[in-house]
Amino acid sequence: MNIFQYLQSDWPNILELTLQHLKLVGIAVSLAIAIGVPLGILIVRVRWLAGPLMGLATIVLTLPSIALFGLMIPLFSKFGAGIGPLPAITAVFLYSLLPIMRNTYLALENIEAGIKEAGIGIGMTFWQRLRMVDLPLAVPVILGGVRTAVVMNIGVMAIAAIIGAGGLGVLILHAISQSNMQKLVVGAVMISVLAIIADTLLQRLQKILTPKGVQK
48 MNIFQYLQSD
58 WPNILELTLQ
68 HLKLVGIAVS
78 LAIAIGVPLG
88 ILIVRVRWLA
98 GPLMGLATIV
108 LTLPSIALFG
118 LMIPLFSKFG
128 AGIGPLPAIT
138 AVFLYSLLPI
148 MRNTYLALEN
158 IEAGIKEAGI
168 GIGMTFWQRL
178 RMVDLPLAVP
188 VILGGVRTAV
198 VMNIGVMAIA
208 AIIGAGGLGV
218 LILHAISQSN
228 MQKLVVGAVM
238 ISVLAIIADT
248 LLQRLQKILT
258 PKGVQK
């Protein structure tokens, strides 16, 4: 059986695993955005927190993914969820946190002093300036962090199949156990294609949300 024959015979399963993979990554990165962006804003306001939070997130990112997934098992086993999507989503969320938090912090920190002073000069509070000036200018850099997190973790989530999370990593695990090259190639290519498509779509979104003045 060649690759095309395998695709024709098993496409419903491949489609299901692809959607499952996207769902797992989407939940993890969405949670990282919901927490990472506010943390980035916080460490702009409370500067002494920048070192500890960035350092902690960096340590998590340097851990091998298979080791981090392994650490999640005993932690979530206490709640009866040591195997499955929950530990996988948590691990990928932790991996996503650093690039999003760091880019938010750097984007807000590097806004020109003149722009900040102009906002202060017309009587804006910090939160008004953040909402109407700083965040719109920071969006391109923040989305750059999101792009990094998404592309990186589409690959990382494949490893989560070893703890029963599902996704396209299941194809690769089955291919290795069955010595099935067609299944292995399809799984690897599908993960790469997902990463390329996600990066392209986020790049377009980044361009759309970038203020025209910044584009010029």
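Each residue of the sequence shown is one higher than the one before, counting from 48 in my numbering.
The beta-carbon is built from N, C-alpha and C at its ideal position, and this holds for glycine as well.
- Taking 8 Å as the upper bound for CB-CB distance, Ile147 and Gly83 are in contact here, some 3 Å apart.
- For Ala208, the closest of Ile167, Thr247, Gly234 by C-alpha to C-alpha distance is Gly234.
- Taking C-alpha positions only, Gly166 is separated from Leu184 by approximately 13 Å.
- Below 8 Å, enough C-beta pairs join the segment 120–136 and the segment 63–75 to call them touching: three or more.
- Note on Thr247: under 16 other CB atoms within 10 angstroms of its CB, so exposed under the neighbour-count rule.
- DSSP, read as helix, strand or coil, puts Asn60 in helix.
- Under the criterion of beta carbons closer than 8 Å, Ile90 and Ala79 do not qualify as touching, at roughly 15 Å.
- Judged by DSSP in its simplified three-state form, Ala81 adopts helix.
- Going by beta carbons, Leu86 and Leu145 fall outside the 7 Å limit.
- In the pairwise beta carbon analysis, the segment 156–166 is classified as not touching the segment 122–129: fewer than three pairs are separated by under 8 Å.
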